[in-house]
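Residue numbers (our numbering): 72 to 985.
Note that CB positions come from ideal geometry on N, CA and C, so glycine has one too.
All of these numbers come straight from a predicted model, not from anything done at the bench.
Have a look at the structure below before the remarks.
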C-alpha cells in the first residue's frame, strides 16, 4: 500500500477519524468531510486508509466521477465489487435489487431505498469477519442513486463494526443524525509555512508571505502556486483561491503542443480513457498524432498521472475542470466529433456527445434521448431522466411535444431535488404551451414544486385545484385524477383548512369516476368524510375483499382510515406497506408509513405505531424532505405525549422554514394541540389540558379541526370532568351525538361510547361494567381509558370488588399496547381499592424502547435477524444489538424465552411470512 504523506494542520480531524477506526470493533460511525477543492479531503482519506490497514480493517473504496455521474449505481457497484460473492446469500428481494442494479440480471432498476438496504446487509455480513472501513470520495460527482444509498447506509451503521467516511465539495451540508460532519477550514499561517517548507523551489521572505496570502490556506494552492510562485503572482492575484489553482493548471495545459492538448481534452471529455485511445482521438481531430512522450509531458506538468497497470487519470479534479474551462470551442467540437467516431458502434455511450454537438432541432436524436429518459425514469433515476427530457425538448421541433417533454423534465427535476432548475424548465413550458391540457399540466407542476413561492407553500390549495380543474376541462381525466390523488395524500400537511376536502369537492365531482373505482372512493373519503361517511364506508368495505394489489390496498385502506374505520383499514394498509417496502417504493411509502402508524395506534398496538412513525422520520431524513420530516416528528410527539412529554415545536420544525410552514397546517397544529392537552392530562394538569383541547372543537377558532376533535374527544371529556367543568363535557357529548346521527364510523361511535360512559350516573356504573367486560371496542386505547375512569368511579362509590375487576381489565389493555404512564396510573387506582401491588417500578418489558420491543415481538414469532432487518430497514447487526440490549433488560438469554415474556404481544402483529 502506498504510504500516505504527512497531513499538515489536520491533527483534530485525524484524531477523530483514527479514533473511530480504533473503536470500530465495538461500534460503527459515519462521517462526511466537506470543504472546497484542494482543501485536503483526499489527504485525510489517505491517512485514515493507511491507519485502517495497519489495524487490520477491511477497506472498501469508491469515488464519484463526472464520467459516471449519469450511470445509476456506478459508485455503489465499485464499492461493493469486492463483496460480490456475498450477494447470493442476501434475502431474495435484496439479491434481486443488486443483481439488476449491477447488470447481472435484467429488470427495472431498484429504488435507492431497496438497493441501500441490500448494500447495508451485505456490508453488515462482511463486517462479521472483521471491521470494515468504507471510503466514498467526491459525493458531489457521484450518481444520485449511489449517493442516496450511501447516505442511507451511513445513518444506520451505528451498531455494526463499520466506519463510513464520505467527502464532498458541497459545504452547505445539513447536520444529519448518525452522520458527523467534519468541515475543513483553510490552514493557518503556521501550517501553511510548514507545508511550503516541503515544496521544492517554494519562495521565502516577502514572496512567501504574498503566496500564503494569495493561497488563502488552501493546501493544493500552496503546493501548486509554490512551484511557480513568481510567474503566477500577477495573473492570479485577483481570482478566488480555487480559481487561482485552476488557472495554474490551465496555464500549464496551454503551454503544451496542440496534439498533446487535444489528447488531454479527450481524457477530460470522455471521463476516462486509455492513453492509446486519447492519442487516436487527438489525431483524428487535428490530423496529427501526439508525440510518443505526450503522457510524460502531461505528467511532468502535474496534469496527468499513471494508475497501474496502464490507465491514466487527472492528478486532481481541478485539472479536469481547468482543461474544460480553457479549451476553445473549435477544439472541443473537434474532439467530441472524434470521440463519436471512435465509439460509433456504441450509441449509448455517445448520446450525450452527440447531444452537445447538435444545433437546432433534431427530432431523431430528440427521440433517442427521450427514450433514455424513459429508461432512467423506470430505474427511478430522476436526475439523469430529467436532464434527458430537458435536452430532448430543446432538440424537438413540434411545439406540443417540446412542451410535453419540458413538463416531464420539470417534474422529474423537482423529484431529484433540483428545484431551481425545475422551476426554470416549467416556466419555459408555460411560456409556449398551447391553451388546454398542456398549459394546465405545466401550471400543476409549477404549483407543486417546493419553491416556497406557491399557493401550497402558504397552505392555499386554490391554484393547484384550478390547474386540476383545467386538466379535467381539457379532457385530461387521468392526469387530473392522478393530480388529485397526489393532492389528497399531501393536503393534510399543506393546508390551513380545517377540512382540506372542502375546496377539492367541486373538482372531484367533475371527474365523474365510477363509484367502485378505488380512486373515486379515496377522493370521496378525502372530500366528504362526514357528510357521506356512511356511504363511503359501505363502498370501501365492499371494495376491500378485491383490494389484493398494492395500489388498491393503499387507496381503499387510506379511504377507510379517513372515514374512521380501523380493523379493515389496518389489514389493507399493512398489505400495501409490505409491498411498498419490498419494492423500496419512495413516492407513496412515506405517507403510507404515517397513515398506517395512526391506524395501528388506534388498533391498540402503540409500540408498532411508534416504530412506523420513527421509520417515517428516518425516511424523511434519507429523502432530505424537511417538511415531511417535521410532520413525522409531529406524529412522534403524539406518542411522547402518552408518557406526559409536552411537544417542542421548535425541535419538531427542525430549524427550517419548510418545517415551520408544515407545522402551520391545520392537521399539524391540531396534532400539537392534541399532544399538548394529552401531556398535561397524563401529568395531572387537567385544567391546563382543557384549553388547547377546547380549541379543536371551536368552529370560530383557527385551530378548529373536526377530525382531531373526534380523535381527542376522550381527552377533552376527561380534562373537563377532572377540572370541575362537567358542563363542558356534556356539551362535547351532545356534539358527538349530533355527529353520530349522520356519521356512524367506528371511530365516531367509540368516541361517543367513551363520552357516554364517562358521564353515566352512579346508579348505572355496575351495568356499564357488565357491558364493557363482554364488549370489544374498535379502539382499545379508548376502551382502556373508559375502564380506568369507570373503575375509579366504582371505587369512590364504595364498590371495590367491581372496581378492581374493571381496573385490571384496563391494565391488561394498557400493558398490551403498551402505554406505561397509563399503566402506572391504573396500578395506582388498583392500590387505592386496597389491593396490594408490588412497588417494583417498571416491569421489565416497559424498560424496552419501542424499537427493542418491536424487534423482540418479531423475533418471538420466529423471524430471523435478517428478516427483521428487512422489515424495519436496518442491518441484521443492528437487530442483534437491539436483541442483546433487550435480553439484558428482560433478564433472559435466548430467543425461545421471548414468547413467554411478551405474552401480551398483540395477536395480529406481522408474522415471519410478512
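Here's the rule: buried if 16 or more other CB atoms are within 10 angstroms of the residue's CB, otherwise exposed. What is residue 973? buried
* Asked: What residue range is occupied by the uninterrupted beta strand (DSSP E) comprising residue 385?
  -> 382-385
- Would you call the CB atoms of residue 529 and residue 555 closer than 9 Å? no
Confirm, please, whether the CB-CB distance from residue 154 to residue 220 is below 9 Å. no
What is the C-beta distance between residue 614 and residue 587, in whole angstroms, given that I count them as a contact (C-beta under 8 Å)? That belief holds up - the Cβ atoms of residue 614 and residue 587 are roughly 6 Å apart, short of 8 Å.
- Query: What does DSSP give as the partner residues of residue 254 in its beta bridges?
  - Reply: Looking at the DSSP output, residue 254 sits in a beta bridge with 105.
### Query
Less than 9 Å separating the beta-carbons of residue 85 and residue 258?
no
| said: I need the boundaries of the alpha helix (DSSP H) containing residue 840, first residue and last residue. | reply: Segment 836-843, the alpha helix (DSSP H) holding residue 840.
| Do you know offhand how far residue 927's Cα is from residue 678's? | 11 Å
message = Taking the alpha-carbon of residue 362 as reference, which of 374, 240, 813, 347 has the nearest alpha-carbon?
response = Answer by Cα proximity: 347.
Q. Do residue 375 and residue 364 have their CB atoms nearer than 9 Å?
A. no
*Where the beta strand (DSSP E) through residue 375 begins and ends*: 375-378
Determine whether the beta carbon atoms of residue 800 and residue 760 lie at a separation below 9 Å. no
Note to self: Which of the three DSSP states is assigned to residue 396 in this structure?
What the structure shows: helix
- Could you check where the alpha helix (DSSP H) with residue 950 kicks off and where it finishes? 947-961
_Suppose you measure from the CA of residue 496 to the CA of residue 518; what does that come to, to the nearest Å?_
13 Å
Query raised in the report: Where do the N-terminal and C-terminal ends of the beta strand (DSSP E) with residue 131 fall, by residue?
Result: 129-134
TODO: Inspect the beta-carbon positions of residue 863 and residue 872 and report whether they are closer than 9 Å.
DONE: The answer is no: Cβ separation not under 9 Å.
Residues in the same chain with beta-carbon distance under 8 Å from residue 652, minus the five sequence neighbours each way, listed in chain order, please. 660, 941, 942, 944.
**Prompt:** What is the DSSP secondary structure of residue 208, counted as helix, strand or coil?
**Reply:** Here residue 208 sits in strand by DSSP.
Counting C-beta neighbours from all protein chains within 10 Å, is the total for residue 443 16 or more, i.e. buried, or is it exposed? buried
- Which of helix, strand or coil DSSP assigns to residue 234: strand
**OP:** Could you tell me if residue 182 is buried or exposed, where buried requires 16 or more neighbouring beta carbons within 10 angstroms of its beta carbon?
**Re:** buried
Tell me whether the beta-carbon of residue 829 lies closer than 9 Å to the beta-carbon of residue 786. no
- [ ] Decide yes or no for the touch test of the region 261-277 against the region 98-115: beta carbon pairs closer than 8 Å, at least 3 of them.
- [x] Because the criterion of three Cβ pairs below 8 Å is not met, the region 261-277 and the region 98-115 do not touch.
Fill in: The alpha helix (DSSP H) enclosing residue 486, as first and last residue numbers
470-486
At which residues does the alpha helix (DSSP H) containing residue 497 begin and terminate?
Where residue 497 is concerned, the enclosing alpha helix (DSSP H) stretches over 490-503.
Mapping DSSP to helix, strand and coil, what is residue 203?
-> strand
| field | Element boundaries [alpha helix (DSSP H), containing residue 87] | value | 82-93
- Item | DSSP-derived helix/strand/coil call for residue 670 | helix
Note to self: Determine whether the beta carbon atoms of residue 454 and residue 214 lie at a separation below 9 Å.
What the structure shows: Contact: yes.
Pick helix, strand or coil for residue 430, following the three-state DSSP scheme. coil
With distance defined between alpha-carbon atoms, name the residue in 355, 322, 402 nearest to residue 372.
322
- With respect to the alpha helix (DSSP H) encompassing residue 885, which residues constitute its N-terminal and C-terminal limits? Bounds of the alpha helix (DSSP H) holding residue 885 are 871-887.
Pull up the distance between the alpha-carbon of residue 295 and that of residue 319, whole angstroms please.
7 Å
Next item on the list: Could you check how far apart the C-beta atoms of residue 168 and residue 150 are, in whole angstroms? I think they sit under 8 Å.
Entry: In fact, because the Cβ distance is near 15 Å, the residues do not count as touching under 8 Å.
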